[in-house]
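*Asks:*
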Amino acid sequence: MSVDRVNGMSGTAGDTWPPRRPDSRRDRGTMRAAPTGLAMKALLLLLPLAACAPDGPRMPDEWLPALEAFGERIAADVEADGVGAITVALARDGEVLWSEAYGWADPEAGVPATRETIYRTGSISKSVTAVLMAILADAGTVTLETPLAELVPEIEAFQDRPEGAEPSLRQVASHTAGFAREPGLSGAAAGPVEGWTARILESIPTTRYRTPPGTEYSYSNIGFGILGFALERAAGEPFMAQVESRIFEPLEMTGSTFVIGDALQPRLSRGHANGRDGQVNTERPALEHAGRGYKVPNGGVYSTVDDMAAFAAGVMGRGGRSLLSDEMRAEVLSVQTPEDPESGYGLGFSISTVDGRVFAGHGGSVSGYTAHLLFEPATGLTAVLLRNYNRGQTSLGGAARELLVGLSVN
783 MSVDRVNGMS
793 GTAGDTWPPR
803 RPDSRRDRGT
813 MRAAPTGLAM
823 KALLLLLPLA
833 ACAPDGPRMP
843 DEWLPALEAF
853 GERIAADVEA
863 DGVGAITVAL
873 ARDGEVLWSE
883 AYGWADPEAG
893 VPATRETIYR
903 TGSISKSVTA
913 VLMAILADAG
923 TVTLETPLAE
933 LVPEIEAFQD
943 RPEGAEPSLR
953 QVASHTAGFA
963 REPGLSGAAA
973 GPVEGWTARI
983 LESIPTTRYR
993 TPPGTEYSYS
1003 NIGFGILGFA
1013 LERAAGEPFM
1023 AQVESRIFEP
1033 LEMTGSTFVI
1043 GDALQPRLSR
1053 GHANGRDGQV
1063 NTERPALEHA
1073 GRGYKVPNGG
1083 VYSTVDDMAA
1093 FAAGVMGRGG
1103 RSLLSDEMRA
1113 EVLSVQTPED
1123 PESGYGLGFS
1133 ISTVDGRVFA
1143 GHGGSVSGYT
1153 AHLLFEPATG
1163 LTAVLLRNYN
1173 RGQTSLGGAA
1183 RELLVGLSVN
C-alpha cells in the first residue's frame, strides 16, 4: 500500500458509545453480501486517495514507515471483513497530512470509499453538543453551573429523583448528572428528525435517576438529548441551526450535517449492520437516515474525516481555528469525573493520559456505522477513522490511539 502525503483542504448517531454488541434479533432487514476476495483486494490496492500538493503541510519522513504499516493493517482488516469501508486521516492543526480509504462506500453501486465519503459519526455528536454548550457559556447565554431544570423544568418528572437533586449543565455534559442511559419510553429512538424535541418531552417522564448528581460517571444518551433541548431553549434558536451557524460554518465543515440533502446524498456511504448468521443488514441503517427519534444531539451528526479534523482544531484552538476561549477550552478538556483525575470524561470528550501525553476524543457506534476521533491538544495531532460497518476487525479507538502514540513530535 502506498502512502501519500497531502495538503489539507481549506476549512476541514449515536445509539451508544461505548458501543454495545448488536442485537441480531433486531437486525432483520435485507441481507446482502459485500464484495470479498480478489475483488475487494483489488479495490484496496487501488485506493490511495490523497493527492500531493507542493504548498501543503509537510509530514516528517520518519513517519512514513509507520503510516505505511498502519495503512496495510487497516486494508487487511477491511479485506478480512469483506464489508464496507474505512476512511482514515492523520491531521495536525486541522490540516490533513495523510488520508486513505479502504473498501466500498456503496458496494451495491460499485462506489469506492474516498476521503470525501460521508459517514454517520454516532456519539461524536455528543462532543459537538458539549462544544455548543461551551460556546453559549462563553457568550453568557448559559453558565456551566446553570441548573438543567432552569431551562427544562419538565425534568422534575424524572423517576427515582434523589432528594434535592439539581443537576447542572456541567454535570449533564460530563455524564455525572446521574441519569439512566436511556428513557423507558417505547419508540423513543424512532421518528423523524424534525420531531426530535417532541420525543424528548415524551421521554422525560419515563427517564429515571441512577445515582445522585455529581457522585459518579453514568453514561447517558437521554442526558445529552435533553442537553441539546436545553441549549435550544436557552438561545431561542433551533439546536441544529445553532450547530450549523456556530460550529459547521465557521470551520467550513461543508460535509457535515444532521440531514442528508440532495447535494450530499451522492457522498453518503451505505451502512452495514450485523444480522443473523454473519449476514449483513443494510435496511435498518438506511431507515435510520430518516430519523432516530430523540437521538439528535447525542447521535445525529454526519461528517467526513476532513471535517472532523477541522472540528478538533476548533476545539484545540489551533491552526487559526478557535471555537472557545482559553478558559472554556480548559474546562472542556479537563477531566470532570470524580473517579480518576487523569483519565476520565471531560465535557463531551473522553480524556486519557498515555506516557505523560494527554489525548481527548470520542467514539461513536450506531446501526451500520462506527467512528472515532482522537486528538492531542499539546501537539495538534489528530486521528479520524470512519467506517460504514458497526463491527469489523479494526478497533477504531485502538487504531486511533496506536497511530498517535506511535508518532514522535518535537
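Numbers 783 to 1192, taken from the working numbering, label the letters of the sequence shown in order. Glycine residues also receive a C-beta, built at the ideal position from the N, C-alpha and C atoms. A quick note: this is a predicted structure, and the numbers were derived from the prediction, not measured.
#1: Assuming Ala1094 contacts Leu1046 under a Cβ cut-off of 8 Å, what Cβ separation, rounded to an integer in Å, is found between them?
#2: Within a Cβ cutoff of 6 Å, which residues of the same chain sit near Arg810, ignoring the five residues on either side of it in sequence?
#3: Start and end of the beta strand (DSSP E) containing Asp888?
#4: Applying the criterion that 16 or more other CB atoms from any shown protein chain within 10 Å of the CB defines a buried residue, is Thr903 buried or exposed?
#5: Just the Cα atoms here: how many angstroms apart are Pro836 and Gly1101?
#6: Do the CB positions of Val1235 and Val1187 come within less than 7 Å of each other?
#7: Starting from the Cα of Gly1075, find the closest Cα among Glu976, Phe940, Gly864 and Leu930 and give me that residue.
#8: Excluding the 5 residues preceding and the 5 following Pro1079 in the sequence, name in chain order all residues of the same chain whose CB lies nearer than 7 Å to its CB.
#9: What do you get for Ala895, buried or exposed, if any count of 16 or more other CB atoms within 10 angstroms of its CB means buried?
#10: Closest to Ile868 by C-alpha separation, out of Ser1002, Val1166, Phe940 and Glu1070, would be which residue?
#11: In its own chain, which residues sit with a C-beta less than 6 Å from the C-beta of Gly1150, not counting the 5 before and 5 after it?
#12: Please classify Val878 as buried or exposed, where buried requires at least 16 other C-beta atoms within 10 Å of its C-beta.
#13: Determine whether the beta carbon atoms of Asn1063 and Gly866 lie at a separation below 7 Å.
#14: Kindly indicate the opening and closing residues of the beta strand (DSSP E) around Ser1147.
#15: Within the same chain, show all residues whose beta-carbon is closer than 8 Å to that of Ala883, passing over the 5 residues directly before and after it, in chain order.
#16: At which residues does the beta strand (DSSP E) containing Met1136 begin and terminate?
#17: Once you ignore the five residues that flank Ala1091 on each side, which residues in its own chain have a CB closer than 8 Å to its CB?
#18: Roughly how many angstroms lie between the CA atoms of Met915 and Leu1105, to the nearest whole one?
#19: For Arg874, does the three-state DSSP call read helix, strand or coil?
#20: Give me, in chain order, the residues of the same chain whose beta-carbon lies closer than 7 Å to that of Arg963; leave out the 5 immediate sequence neighbours on both sides.
#21: Are Ser956 and Gln1061 close, meaning C-beta to C-beta below 7 Å?
#22: Can you check DSSP and say which residues form a bridge with Pro894?
#23: If you draw a straight line from the alpha carbon of Ala970 to that of Ala1072, how long is it in whole angstroms?
#24: Mark Gln1024 as exposed unless 16 or more other C-beta atoms lie within 10 angstroms of its C-beta, in which case mark it buried.
#25: What does Pro929 pair with, by DSSP beta-bridge criteria?
#26: Can you tell me which of the three DSSP states Gly1096 falls into?
#27: List the whole-angstrom C-beta distance separating Ser881 from Val1087, where the pair is believed to meet the contact cut-off of C-beta under 8 Å.
#28: Compute the Euclidean distance between the alpha carbons of Lys1077 and Arg1183, then round it to the nearest angstrom.
#29: From Pro842 to Arg1015, what does the alpha carbon distance come to, in whole angstroms?
#30: Which one of Leu951, Arg981 and Ser950 has the shortest CA to CA distance from Ser968?
*Replies:* So, from the data block:
#1: Position 312 of the sequence shown, counted from the start, is the residue given in the question as residue 1094. Position 264 of the sequence shown, counted from the start, is the residue given in the question as residue 1046. That belief does not hold up - the Cβ atoms of Ala1094 and Leu1046 are roughly 21 Å apart, past 8 Å.
#2: Against the sequence shown, residue 810 aligns to sequence position 28. Model confidence at Arg810 stands at a pLDDT of 27, short of 50, so the residue's coordinates are unreliable; what they give is reported in the following sentence. For Arg810, where only same-chain residues beyond five positions count, there are no Cβ hits under 6 Å.
#3: Within the sequence shown, numbered from 1, the residue matching residue 888 stands at position 106. Start and end: Glu877 to Asp888.
#4: Residue mapping note: residue 903 aligns to position 121 of the sequence shown, counting from 1. With 16 or more other Cβ atoms within 10 Å, it is buried.
#5: Locating residue 836 in the sequence shown gives position 54, counting from the first residue. Locating residue 1101 in the sequence shown gives position 319, counting from the first residue. Per-residue confidence for Pro836 stands at a pLDDT of 37, beneath the threshold of 50, marking its modelled position as unreliable; no derived number is given.
#6: Outside the shown range of the chain (783 to 1192) lies residue 1235, about which nothing can therefore be said.
#7: On the sequence shown, position 293 is the one that residue 1075 refers to. Taking only the C-alpha atoms, the option nearest Gly1075 is Glu976.
#8: For the purposes of this step, residue 1079 is taken as the residue at position 297 of the sequence shown. Taken in chain order, the residues that qualify are Ser907, Thr911, Phe1006, Gly1007, Leu1009, Gly1010 and Phe1021.
#9: Within the sequence shown, the letter at position 113 stands for residue 895. Flag for Ala895 reads buried.
#10: Position 86 of the sequence shown, counted from the first residue, corresponds to residue 868. Here the closest residue by C-alpha is Val1166.
#11: Indexing the sequence shown from 1 puts residue 1150 at position 368. Taken in chain order, the residues that qualify are Gly1053, His1054, Ala1055, Pro1067 and Asn1172.
#12: Indexing the sequence shown from 1 puts residue 878 at position 96. Counting Cβ neighbours within 10 Å, Val878 comes out buried, since at least 16 surround it.
#13: For the purposes of this step, residue 1063 is identified with residue 281 of the sequence shown, where counting begins at 1. For the purposes of this step, residue 866 is identified with residue 84 of the sequence shown, where counting begins at 1. Going by C-beta atoms, Asn1063 is not nearer than 7 Å to Gly866.
#14: Against the sequence shown, residue 1147 aligns to sequence position 365. Arg1139 to Val1148 is the extent of the beta strand (DSSP E) around Ser1147.
#15: The residue labelled residue 883 in the question sits at position 101 within the sequence shown. The answer, listed in chain order, is Leu829, Leu831, Ala867, Ile868, Thr869, Val870, Pro894, Ala895, Thr896, Arg897 and Thr899.
#16: For this step, residue 1136 is matched to residue 354 along the sequence shown. In the sequence as displayed, the identity of residue 1136 is Val instead of Met. Here the beta strand (DSSP E) through Val1136 covers Ser1132 to Val1136.
#17: The residue labelled residue 1091 in the question sits at position 309 within the sequence shown. Closer than 8 Å at the Cβ level, and outside the excluded window around Ala1091, lie Gly790, Thr794, Ala871, Ala873, Gly876, Glu877, Val878, Thr1164 and Val1166.
#18: Position 133 of the sequence shown holds residue 915. Position 323 of the sequence shown holds residue 1105. Approximately 11 Å, taken between the alpha carbons.
#19: If you number the sequence shown from 1, residue 874 lands on position 92. Here Arg874 sits in strand by DSSP.
#20: Along the sequence shown, read from residue 1 onward, the residue named residue 963 stands at position 181. Tyr1001, Ser1002 and Asn1003, listed in sequence order.
#21: As a first step, residue 956 must be located in the sequence shown, where it is residue number 174. As a first step, residue 1061 must be located in the sequence shown, where it is residue number 279. No. Outside cutoff.
#22: Within the sequence shown, the letter at position 112 stands for residue 894. Bridge partners of Pro894: Trp886.
#23: In the sequence shown, counting from the first residue as 1, residue 970 sits at position 188. In the sequence shown, counting from the first residue as 1, residue 1072 sits at position 290. Going by the C-alpha atoms only, they are around 14 Å apart.
#24: To locate residue 1024, count along the sequence shown from 1; it is residue 242. Gln1024 should be labelled buried.
#25: Taking the sequence shown and counting its residues from 1, one reaches residue 929 at position 147. BP columns for Pro929 point to Ser950.
#26: By 1-based counting over the sequence shown, the position of residue 1096 is 314. Note: Gly1096 maps to helix in three-state DSSP.
#27: Stepping through the sequence shown from its first residue, residue 881 is reached at position 99. Stepping through the sequence shown from its first residue, residue 1087 is reached at position 305. That belief holds up - the Cβ atoms of Ser881 and Val1087 are roughly 6 Å apart, short of 8 Å.
#28: Taking the sequence shown and counting its residues from 1, one reaches residue 1077 at position 295. Taking the sequence shown and counting its residues from 1, one reaches residue 1183 at position 401. Rounded to the nearest angstrom, the two C-alpha atoms are 27 Å apart.
#29: Position 60 of the sequence shown holds residue 842. Position 233 of the sequence shown holds residue 1015. Taking the straight line joining both Cα atoms gives about 47 Å.
#30: As a position in the sequence shown, residue 968 is number 186, starting the count at 1. Nearest of Leu951, Arg981 and Ser950 to Ser968, Cα basis: Arg981.
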